[in-house]
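Just so you know, the sequences run in chain order A and B. Each residue of the first sequence is one higher than the one before, counting from 0 in numbering that gives the first Met the number 0. Each residue of the second sequence is one higher than the one before, counting from 0 in numbering that gives the first Met the number 0. Structure record follows, encoded as structure tokens.
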Amino acid sequence: MSRLVSINEIEPGMVLKKPIKNNFGQVLLSEEVCLTAQHILILKTWNIPSVFIESEENEQIVEFLEEDLILAKTKLKERFIWEPRNENENDLFKLGMIDYLRKHKI
Amino acid sequence: MKDYTDLINSINDFPTLPTIYNSLLVTLQNPRSTIQDIANVISNDQVVVLKILKVTNSSLYGFNKKIDTITDAIFLLGQNEIKNIVLALSVMKIFSQIKSISNFNVTDLWKHSIAVGVIAKSLGELSGTMNTENLFVSGIIHDFGKLFFLKVAREEYLEIINNAIENKISLSSSEKLHFGINHDIIGGLLAKKWQLPNNIIESINFHNSKKLSFTNNKQIACIQLANIIANMLNLGNPGYEIIDQPSFDIWSILNLPPGSLVNMHSSILEQYYQSVQILSLSK
Chain A
0 MSRLVSINEI EPGMVLKKPI KNNFGQVLLS EEVCLTAQHI LILKTWNIPS VFIESEENEQ
60 IVEFLEEDLI LAKTKLKERF IWEPRNENEN DLFKLGMIDY LRKHKI
Chain B
0 MKDYTDLINS INDFPTLPTI YNSLLVTLQN PRSTIQDIAN VISNDQVVVL KILKVTNSSL
60 YGFNKKIDTI TDAIFLLGQN EIKNIVLALS VMKIFSQIKS ISNFNVTDLW KHSIAVGVIA
120 KSLGELSGTM NTENLFVSGI IHDFGKLFFL KVAREEYLEI INNAIENKIS LSSSEKLHFG
180 INHDIIGGLL AKKWQLPNNI IESINFHNSK KLSFTNNKQI ACIQLANIIA NMLNLGNPGY
240 EIIDQPSFDI WSILNLPPGS LVNMHSSILE QYYQSVQILS LSK
């Protein structure tokens with residue numbers, strides 16, 4: 000599974016899941032490379048905004064209990080007066096649920 | 000009751016930006032200016048120097064060495080970004096001059112604005128927007144029209160906010176019903192008065208627009224979505240509670256990979272709390 004990570008959040012030891020290319024399509028770093036601090040510095044110099052890294056994380060929402068999810072959903076629905084139309088809007092709703100659950104330390 | 004014309008006429012009475020911003024603009028426009036000249040202008044205000052260094056060393060930029068001097072900060076961030084940080088700090092001074100009303104706290108609006116700036120910048124990076132420099136400052140300024148209403152129509156604004164909350168509508172819609180004009184347009188006019196760059200004016204003007212067909216629509220899309228997320232995560236308070244549905248165009252413009260919004264949660268909070276601490280209005 001891969002995850003898109005902002006350049007400000009990448010850390011040495013993370014493994015690239017997709018090659019990094021510059022504006023001309025030239026490969027700067029190929030996939031499966033384990034990033035070092037030097038790599039990260041170079042990526043910043045090249046103004047690369049984000050990279051795909053290898054991730055074992057599944058959707059973070061599975062760590063919560065069903066009843067807590069229902070509670071978070073009900074709370075959030077009071078402010079959402081519309082239904083999600085696509086995957087991105089489902090993600091947006093999920094982000095709201097995770098925020099509610101974490102802030103209420105569930 | 001204040002009407003549309005009264006409000007438009009009051010725009011000229013609204014505070015201008017502090018002199019440091021204008022002096023910096025003059026220096027930046029001079030092709031002979033050196034980094035040292037720019038540093039000299041900024042160094043006239045030691046509070047600004049201190050805040051620039053704090054912002055530069057925060058997780059917002061993620062440099063892996065400590066930046067101690069203003070010349071290093073200018074060199075690493077670039078002139079445009081330094082100009083934007085000075086603009087954000089200048090705007091902050093105006094925020095601290097406006098008084099809250101019982102149902103709307105200026106500090107909470109400031110926090111909401113910082114959140115929109117931080118989130119817009121992250122969205123810009125995630126969506127591969129090459130120029131993310133103006134996103135943070137656009138977020139900081141996007142709701143400036145609300146400050147204007149707080150200054151020139153305090154009593155009426157209290158009612159407008161109550162109306163938005165009671166009827167579950169956005170503040171922008173409630174303002175439009177009452178004044179015939181909303182904070183988006185007023186904010187755009189203020190930005191024009193301050194001679195800010197066109198792309199920042201557009202981001203303010205259209206941050207609630209349902210149609211996105213502008214030249215810098217990627218920037219506007221980032222601000223719109225960031226505004227919705229900041230409200231949803233209760234980071235500060237924009238003055239209303241309902242969560243707007245994003246305009247449909249946002250998704251095709253930003254082309255965010257599935258799951259990326261959920262993965263942003265921790266980094267948004269980290270950058271938000273750090274920025275709120277650095278840019279606290281009370282200091």
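Glycine included, C-beta positions come from ideal geometry on N, C-alpha and C. These numbers were taken from a predicted model, which means no experiment stands behind them.
As a quick exercise: from the options, pick the residue whose alpha carbon is nearest that of residue i.
i, options, result
"Gln223/B", "Asn39/B, Asp142/B and Ala163/B", "Asp142/B"
"Ser5/A", "Gly127/B, Asn181/B, His182/B and Asn216/B", "Gly127/B"
"Ala72/B", "Asp248/B, Val47/B and Leu16/B", "Val47/B"
"Pro257/B", "His103/A, Leu94/A, Glu66/A and Leu42/A", "Leu94/A"
"Phe74/B", "Asn87/A, Glu65/A, Thr44/A and Ser29/A", "Thr44/A"
"Glu124/B", "Gln273/B, Ile277/B, Ser259/B and Leu280/B", "Ser259/B"
"Asn79/B", "Ser266/B, Ser212/B, Leu195/B and Val261/B", "Leu195/B"
"Tyr20/B", "Asn181/B, Ala38/B and Asp243/B", "Ala38/B"
"Ser11/B", "Ile277/B, Phe135/B and Val151/B", "Note that residue 11/B is Asn in the sequence shown, not Ser. Comparing Cα-Cα distances from Asn11/B to each of Ile277/B, Phe135/B and Val151/B, the minimum goes to Val151/B."
"Ile140/B", "Arg153/B, Glu154/B and Phe94/B", "Phe94/B"
"Leu52/B", "Leu88/B, Leu27/B and Pro30/B", "Leu88/B"
"Asp2/B", "Lys175/B, Ala114/B and Ile81/B", "Lys175/B"
"Ala119/B", "Ser202/B, Val54/B, Lys145/B and Val85/B", "Ser202/B"
"Lys82/B", "Lys64/B, Ser251/B, Val25/B and Thr68/B", "Val25/B"
"Ser101/B", "Asn181/B, Glu155/B and Gly179/B", "Glu155/B"
"Lys145/B", "Gly116/B, Asn181/B and Gln28/B", "Asn181/B"
"Ile69/A", "Tyr99/A, Ile9/A and Glu31/A", "Tyr99/A"
"Leu42/A", "Ile9/A, Ala71/A and Arg78/A", "Ile9/A"
"Ile80/A", "Ile242/B, Asn226/B, Gly186/B and Met0/B", "Ile242/B"
"Val54/B", "Leu255/B, Asp36/B, Val40/B and Leu76/B", "Leu76/B"
For residue i and residue j, I'd like the C-alpha separation in whole angstroms.
i, j, result
"Asn230/B", "Leu188/B", "24 Å"
"Pro14/B", "Ile97/B", "10 Å"
"Phe92/A", "Leu122/B", "16 Å"
"Leu3/A", "Ser54/A", "9 Å"
"Glu65/A", "Pro245/B", "28 Å"
"His38/A", "Phe63/A", "36 Å"
"Leu28/A", "Lys16/A", "11 Å"
"Val14/A", "Lys20/A", "16 Å"
"Leu149/B", "Gln218/B", "27 Å"
"Asp44/B", "Leu23/B", "12 Å"
"His177/B", "Leu232/B", "28 Å"
"Ser137/B", "Tyr60/B", "17 Å"
"Ile200/B", "Lys191/B", "7 Å"
"Ser266/B", "Ile113/B", "14 Å"
"Phe62/B", "Ile184/B", "37 Å"
"Val26/A", "Pro18/A", "7 Å"
"Asn130/B", "Asn89/A", "28 Å"
"Cys221/B", "Ile228/B", "10 Å"
In chain B, which residues lie less than 8 Å from residue i when you measure between Cβ atoms?
i, result
"Lys72/A", "In chain order: nothing, as chain B lies at least about 13 Å away."
In chain order, what residues of the same chain have a beta carbon less than 6 Å from the beta carbon of residue i, not counting five sequence neighbours either side?
i, result
"Gly238/B", "Phe103, Ile160 and Leu170"
"Leu49/B", "none"
"Ile205/B", "The identity of residue 205/B in the sequence shown is Phe, whereas the question assumes Ile. Closer than 6 Å at the Cβ level, and outside the excluded window around Phe205/B, lie Ile219."
"Ala36/A", "Pro11"
Would you mind telling me which residues of chain A sit closer than 7 Å to residue i, beta carbon to beta carbon, in chain order?
i, result
"Ile242/B", "Arg78 and Phe79"
"Leu255/B", "Asn87"
"His264/B", "Leu94, Ile97 and Asp98"
"Trp250/B", "Asn85 and Asn87"
"Met0/B", "What Met0/B touches in chain A: nothing, since even the nearest Cβ is about 29 Å away."
Please compile the residues from chain A whose C-beta is within a distance smaller than 8 Å of the C-beta of residue i.
i, result
"Leu125/B", "Leu3, Ser5, Pro48 and Ser49"
"Leu211/B", "None at all; the shortest Cβ gap to chain A is about 15 Å."
"Ser121/B", "Ser5"
"Leu280/B", "None at all; the shortest Cβ gap to chain A is about 23 Å."
"Leu16/B", "The contacting residues do not exist; Leu16/B stays about 29 Å from chain A at best."
Output, in chain order, the set of chain A residues within a Cβ distance shorter than 9 Å of residue i.
i, result
"Thr26/B", "Per Cβ cutoff of 9 Å: no residues; Thr26/B is ~25 Å from chain A at best."
"Ile228/B", "Leu91, Leu94 and Gly95"
"Thr131/B", "Pro48"
"Ser137/B", "Per Cβ cutoff of 9 Å: no residues; Ser137/B is ~17 Å from chain A at best."
"Leu134/B", "Those do not exist, as Leu134/B stays about 11 Å from chain A at its closest Cβ, beyond 9 Å."
"Leu285/B", "Only positions 0 to 282 of chain B appear in this structure, which leaves residue 285/B out of reach."
So, for residue i: in the same chain, excluding its five sequence neighbours on each side, which residues have a beta-carbon less than 8 Å away from its beta-carbon?
i, result
"Asn236/B", "Phe103, Asn104, Asp107, Leu108, Lys110 and His111"
"Ile34/B", "Thr70, Ile73 and Phe74"
"Lys102/A", "none"
"Lys76/A", "none"
"Ile7/B", "Ile180 and Leu188"
Less than 7 Å between C-beta atoms, sequence neighbours within five positions excluded: which residues of the same chain meet that for residue i?
i, result
"Ser58/B", "Glu269, Gln270 and Gln273"
"Lys209/B", "Ser246"
"Asn7/A", "none"
"Cys33/A", "Gly12 and Val14"
"Ala71/A", "Met96, Tyr99 and Leu100"
Contacting positions in the region 44-69 of chain B - beta carbon closer than 9 Å to chain A: Taken in chain order, the members of the region 44-69 of chain B whose beta-carbon sits within less than 9 Å of a beta-carbon on chain A are Ser58, Leu59, Tyr60, Gly61, Phe62 and Asn63.
Please identify, using Cβ separations under 7 Å, the residues of the region 0-20 of chain A that lie next to chain B, in order along the chain. Cβ contacts with chain B: Arg2, Leu3, Ser5, Ile6, Asn7 and Glu8.
Chain-ordered residues of the region 166-186 of chain B with a beta carbon less than 7 Å from chain A: Those residues of the region 166-186 of chain B that come within reach of chain A (Cβ to Cβ, closer than 7 Å) are Lys167.
Where the region 74-105 of chain B meets chain A: residues whose CB sits under 9 Å from a CB there: Listed by position, the residues of the region 74-105 of chain B near chain A (Cβ gap below 9 Å) amount to none.
Name, going along the chain, the residues of the region 187-206 of chain B whose beta-carbon falls closer than 7 Å to a beta-carbon of chain A. Taking 7 Å as the Cβ-Cβ cut-off against chain A, none of the residues of the region 187-206 of chain B qualify.
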